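Its first residue numbered 1, the sequence shown is counted upward by one per residue in full-length UniProt numbering. In what follows, a structure is listed as structure tokens, so that the remarks can point back to it.
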Amino acid sequence: MKDFNRFSSEIMCLSLPPITSIIDMDSHIASDSPLNDHWDVQQMMVMTAMKRHSTDTRVEAKRASNWWTNGLLSAMKDQSLVVLKDDLITIIEDKYPKSRHHLLVIPNKNSGMDSVDDLTASDVQLIDHMTLKGKQISQQFDGSVEFRFGFHRIPSLKPLHLHVISQDFDSKYLKTKKHYNSFTTKFFIDSKSNVHLF
Ligand SMILES: [Zn+2]
């Protein structure tokens with residue numbers, strides 16, 4: 001479930017090489033080095049590698065949490081990703097598409113609107129507009145490809161976004177069963193006017 005996938009590549013960065021490989025990489029210390037006792041050299045390298053690991057991990061974790069908070073907001077401003085913008089919505093290409101065609105429709109006024117749970121009856125027009133624009137944009141692609149238009153029940157990215165996704169799931173970013181399930185099970189809700197009731 002969830003579209004954790006969006007920052008899955010960030011998480012991938014967290015998987016670190018084994019310390020031994022770092023030692024191997026760095027192990028050509030000059031023979032006249034004062035650190036010529038093999039054990040001390042190895043200990044020092046383990047310490048250095050561990051220090052490096054923890055710094056990298058913290059940086060990556062921070063980056064991942066920034067993406068959760070600001071990722072889509074900054075993507076909305078990234079002209080290389082924006083496909084269409086009008087008074088109400090912005091449509092961007094998903095940075096880590098899970099199918100050949102994968103776009104996101106995001107309301108321009110999205111503060112406090114993080115998931116379908118935040119929608120009320122007063123948002124019906126907005127949802128209809130998001131769905132209509134999503135459907136229109138999907139028509140620019142090969143007509144033989146089927147699309148779905150919907151929301152993740154429990155999204156992992158803010159703010160609220162409607163997925164426009166072709167049903168081929170042909171993408172190098174579709175890496176896990178979880179990714180696939182997040183678009184093919186009850187965790188994906190097809191968009192409709194009264195989606196706030198589901
Ligand atoms: Zn999503």
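We treat Cβ as the ideally placed atom computed from N, Cα and C, and that holds for glycine. Only a predicted model underlies this, so the values are computations on that prediction, with no experimental measurement involved.
Short note on Leu197: C-beta not closer than 7 Å to any heavy atom of ligand 1. When His101, Ser182, Asp94, Thr131 are compared, the shortest CA-CA separation from Asp168 is found for His101. The DSSP-derived three-state label of Val145 is coil. Check the Cα spacing between Phe187 and each of Leu157, Phe151, His163: the tightest is with Phe151. Listed as beta-bridge partners of Ile165 by DSSP are His102, Arg148. Note: Ile91 is bridge-paired with Leu84, Val105 in the DSSP secondary-structure output. For the pair Gly134 and Val105, the CB atoms are nearer than the 8 Å cut-off.
Pro155 has its Cβ nearer than 7 Å to a heavy atom of ligand 1. Close CB contacts of Leu160 within its chain, under the 8 Å cut and outside five residues either way in sequence, are with Ile106, Pro107, Asn110, Met113, Asp114, Ser115, Val116, Asp118, Leu119, Phe151 (chain order). Taking C-beta separations shorter than 7 Å and ignoring five residues to either side along the sequence, the partners of Leu174 in its chain run Lys98, Tyr180, following chain order. Residue pairing from DSSP leaves Ile154 without any beta-bridge partner. Listed in chain order, the non-local C-beta contacts of Asp170 below 8 Å within the same chain comprise Ser99, Arg100, local neighbours out to five positions each way being set aside.
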